Amino acid sequence: MTTIDPKILAKAQSWLNSNIDEESKKEIQALLDAPDKTELIDSFYRDLEFGTGGLRGIMGVGSNRMNVYTVAMATQGLANYLLDCFPNEEIKVAITHDCRINNTLFADTTANVFTANGIKVKYFRELRPTPMLSFAIRYFECKSGVMVTASHNPKEYNGYKAYWDDGGQVVAPHDKNIIDEVQKITSMDDVKWNKNDALIEYIEEDFDLIYLNEVKKLSLSPNEIMLQKDMPLVFSPIHGASGKMVPAALKVFGFENIHIVKEQAEPDGTFPTVIYPNPEEAEALNMALELGKKVNAELVLACDPDGDRYAACIPDDKGGFELLNGNQTGALLTYYLLNKWREYGRLTGKEFMVNTIVTTELIDEICKGFGVTCYSVLTGFKNIAEVIRNLEGQKQFIGGGEESYGYLVGDFVRDKDGVSACAMVSEIVAYYKTKGKSIRDILAEIYMQYGFYKESLISVTKKGKDGAEQIQALMAGFRSNKPSEMNGIKVVKVVDVKESKVYDLVNGTEAVLEMDKSNVIQFYLEDGSKISARPSGTEPKIKYYFSVNETLPNREAYEAVAASLDNKIEGLKQYFQ
C-alpha cells in the first residue's frame with residue numbers, strides 16, 4: 012500500500028471541506044477512496060507554480076491540476092499583487108484564450124475574479140493568438156494580461172500565462188511575488204467571486220486590423236512580394252487560434268495564393284487530427300505537407316494552438332518537403348533582417364538582437380558578422396522581452412528568438428509571434444526566389460560564411476511526483492560528478508547556470524557566471540560541440556540540447572558535412588540515453 016504524506020491528505024481534505032462544487036467534491040472523495048493513491052498524490056502533492064511558461068498542468072481536480080479553483084486562486088493572487096503595485100491607479104487587464112478544452116470557462120473565471128476585485132478587464136470577444144494579447148496589453152495601457160493556453164502540450168493540459176504592463180510574460184521579482192500572494196490564500200473563501208460585469212469591455216474584431224497594420228510595417232521587400240504574389244503557400248493552425256490571423260497577415264504582406272488545411276482550420280481542443288498539436292513534431296504537419304504536394308507549395312507553414320510558435324517546411328530535392336528546425340528559421344530570419352537593414356542604411360551601431368542560451372550560436376556569429384550586438388538570455392521568451400524593455404529608448408530591437416520555433420520581429424509585441432514570423436518567412440522565400448535562389452541555397456550561403464551548425468533535441472518526460480524527483484536527482488548527478496568526456500570527446504568547460512559557475516576543466520579553474528540563476532547545466536566539448544541539460548519549469552520533463560559545428564568549405568560539400576554532423580549528434584545522444 013502506498014504511504015501518503017500527511018500534508019497531501021490534509022490538503023485534499025481541506026479542498027473537500029471547502030466551498031467548491033459538489034462534482035469536484037465527489038472526484039476528490041473518489042481519489043481518497045481509491046486503492047491506488049497515485050492520482051491523489053499527483054493531484055495534491057504541490058501547488059501549480061509559474062515556470063518559464065507560467066501556470067500549466069493537466070486538467071482535473073486538485074491543487075496540482077488546472078481547474079476553476081487553481082485558476083481563481085492564481086487570479087486572486089495576481090489581483091492582490093496588482094492592487095499593491097498600483098495603488099490609487101486605474102488597473103486594466105487584458106484576457107484572451109486559445110482553443111483548448113475549458114478555455115472559455117477558465118478565461119471567464121479569470122475575468123470574473125478580476126472584476127470582483129475592482130479591476131477592469133479588456134476581454135477579447137473571440138479566441139485570439141498570444142501575440143495579439145501581448146500587443147493589446149501595451150495598446151490599451153493595461154497593467155497586466157492573461158492568456159489561457161497550454162501552448163503545444165497534449166489535449167489533457169491547460170495553462171495560464173501571466174503578463175506584465177510591457178506585454179511580456181512576468182519575470183522576477185513579479186513572478187515570485189505573485190506566487191507568494193497566491194500562497195497566502197489558504198482557502199477558496201479567500202477568493203473574491205462576486206463578479207462585476209460592468210467592468211468588462213470587449214475587444215472586438217476591429218482590433219485585428221490595428222494589429223495587422225503593425226505586422227504589415229515589418230515587410231522589407233514589398234516589390235519582391237509583388238513579383239511572387241501568386242507563390243503557393245500552405246498554412247495550418249493545427250486546430251488553434253491562428254486560423255484567421257496568419258492568412259490575414261500573409262494577405263496584408265501581399266500574398267494571394269494561400270491554401271488552408273481545411274481539416275485543421277476550425278478551433279478544436281481535442282486536436283482530432285494529430286497526436287500532439289506541436290509544429291515541432293513532423294506528424295502534426297502531415298496534412299499540411301500533403302496539401303503542399305497537391306498545390307506545389309513553395310512553403311508550408313503551421314502554428315501551435317496559441318499561435319506564438321511557427322514551423323516552416325521547404326521543398327526538398329526529392330519531391331517532398333524538409334521541416335526546418337527553429338534554429339534554422341531563426342538563422343534565416345536573422346541573416347535576412349540584418350542584410351535588409353544594412354541595405355536600407357538602418358544599422359547605426361545602436362541595434363541589437365536577442366536569443367537564448369540553448370539556441371544555436373550560429374545566430375551570434377551572424378550578428379558578429381554585421382557588427383550587431385546579440386544578447387544571450389535564459390530560456391523563456393519573457394527573458395527576451397525583459398532585454399527589450401530594459402533597452403527601450405537606448406537601442407533598437409531588430410528581432411530575436413529561441414530554438415523552440417519562437418521568433419519575434421520588431422517590438423510592438425513582446426512575446427513570440429508566430430503570425431508575423433509566418434509572414435516574414437514567406438517574404439524571405441519570395442525575396443530569394445526573385446534572385447534565383449532557394450532556401451537551401453541561402454542556408455548553404457550562411458553556413459559557408461559563419462560555420463555549418465546543426466542542432467538536435469532529446470526530450471525525456473517522467474510522470475508525477477516520482478518523475479520530478481528523478482529529474483532532480485539526474486541534475487544533481489551532473490553537478491556532483493562532472494563528465495570528463497562524451498562519446499570519446501573531451502569536455503573542456505562546464506557552465507552551471509544554477510550555481511553561477513563556469514568550470515574550466517582543462518586548467519582546473521572556476522569563474523563566476525554573470526547571469527540570473529536557472530536550473531541549466533551546459534557542457535562544452537573540445538571539438539566545439541555544446542550540450543545543454545534543462546528541466547522544464549512546468550512539468551516533469553528534462554530536455555537535452557545538442558549543437559555541433561564544422562567548416563563548410565564549399566556548396567558541393569554540403570551533404571557530406573551534414574551527414575558528418577548528424578553522426579556526431581547521434582553519438583553524443585547515446586551518452587544521455
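When the count follows the numbering used here, it moves up by one through the sequence shown with no breaks and lands on 588 for the last residue.
Quick reminder that beta carbons are idealized off the backbone N, C-alpha and C, glycines included.
Here the structure is a predicted model, which means the values were calculated and not measured.
What would DSSP say about residue i, mapped onto helix, strand or coil?
i      : result
Met526 : coil
Asp428 : coil
Ser162 : coil
Ile130 : coil
Trp352 : helix
Met70  : strand
Tyr464 : strand
Asn578 : helix
Val285 : coil
Ile15  : coil
Met242 : coil
Val263 : helix
Gln588 : coil
Ser558 : strand
If I follow the unbroken alpha helix (DSSP H) through residue i, where does it start and stop?
i      : result
Thr115 : Asn114 to Ala127
Asp186 : His185 to Gln194
Ala293 : Segment: none, Ala293 is in no alpha helix (DSSP H) and carries neither H nor E.
Ile271 : Per DSSP, Ile271 belongs to no alpha helix (DSSP H); it is in the beta strand (DSSP E), Ile269 to Ile271.
Asn234 : Pro233 to Leu238
Ile399 : Phe392 to Leu402
Phe97  : Phe97 -> no alpha helix (DSSP H), and no H or E assigned at all.
Pro46  : First-last for Pro46: undefined, no H or E at that position.
Leu144 : Thr141 to Tyr150
Of the residues the options, which one's Cα is nearest the Cα of residue i?
i      : options                           : result
Leu20  : Glu34, Glu33, Arg67 and Ser74     : Ser74
Ser467 : Ala396, Asp577 and Lys501         : Asp577
Ile457 : Lys512, Leu210, Gly360 and Leu343 : Leu343
Thr345 : Ile580, Met364, Val430 and Lys554 : Met364
Glu294 : Phe332, Trp352, Asp279 and Glu277 : Phe332
Arg53  : Gly478, Gly341, Glu192 and Glu362 : Here residue 53 is Asp; the residue named in the question, Arg, does not match the sequence. Of Gly478, Gly341, Glu192 and Glu362, the residue nearest in Cα terms is Gly478.
Asn123 : Ile453, Cys385, Leu312 and Ile211 : Ile211
Glu480 : Val517, Lys351 and Arg57          : Arg57
Asp201 : Leu419, Asp452 and Ala85          : Ala85
Lys18  : Ile377, Phe55 and Lys48           : Phe55
Tyr321 : Thr367, Phe246 and Arg353         : Phe246
Ser209 : Gln533, Val132, Glu277 and Val263 : Here the sequence assigns Ala to residue 209, which means Ser is not the residue at that position. The option with the nearest alpha carbon to Ala209 is Val132.
Ser155 : Pro165, Lys172, Ile31 and Glu167  : Lys172
Phe117 : Ile102, Met70, Phe151 and Cys153  : Met70
Gly411 : Gly404, Thr384, Ala434 and Gln405 : Thr384
Gly170 : Cys96, Asp47, Leu66 and Asp422    : Leu66
Tyr222 : Ile196, Ser162, Arg149 and Glu192 : Arg149
Leu312 : Leu335, Arg136, Asp328 and Lys379 : Leu335
In the DSSP assignment, what are the bridge partners of residue i?
i      : result
Met256 : Partner(s): none; Met256 has no beta bridge.
Ile553 : Val471 and Pro546
Thr107 : Met158
Ser320 : The sequence shown places Arg at residue 320, not Ser. Its beta-bridge partners are Gly417.
Ser247 : Ala313
Gly410 : Met364 and Val420
Tyr213 : Tyr134
Thr520 : Asp515
Glu496 : Lys501
Met77  : Met70
Between which two residues does the beta strand (DSSP E) holding residue i run?
i      : result
Glu362 : Glu362 to Thr367
Cys314 : Leu310 to Cys314
Cys385 : Thr384 to Val388
Trp175 : Tyr168 to Trp175
Asp507 : Ile500 to Asp507
Asn533 : This sequence places Gln at residue 533; Asn is not what is there. Residues Ile532 to Leu536.
Leu334 : Phe332 to Leu335
Ile31  : Premise fails: Ile31 is in no beta strand (DSSP E) and is neither H nor E.
Ile374 : Per DSSP, Ile374 belongs to no beta strand (DSSP E); it is in the alpha helix (DSSP H), Leu373 to Phe381.
Under 8 Å, do residue i and residue j count as touching if we go by C-beta distance?
i      : j      : result
Ile439 : Tyr347 : yes
Ser431 : Val226 : yes
Ala83  : Thr120 : yes
Ile399 : Phe408 : yes
Asn159 : Asn114 : One point to set straight first is that residue 159 is Val, not Asn, in the sequence displayed. Closer than 8 Å, so yes.
Gly318 : Pro278 : no
Asn533 : Val506 : The sequence given here has Gln at residue 533, not Asn. Going by C-beta atoms, Gln533 is nearer than 8 Å to Val506.
Tyr418 : Thr340 : yes
Trp555 : Ile500 : The sequence as given places Tyr at residue 555; Trp does not occur at that position. Not closer than 8 Å, so no.
Pro142 : Val424 : yes
Val508 : Lys493 : no
Leu373 : Tyr461 : yes
Ser495 : Leu516 : yes
For chain C, is any of its Cβ atoms less than 8 Å away from the one on residue i?
i      : result
Phe218 : In the structure shown, chain C cannot be found, because there is only a single protein chain.
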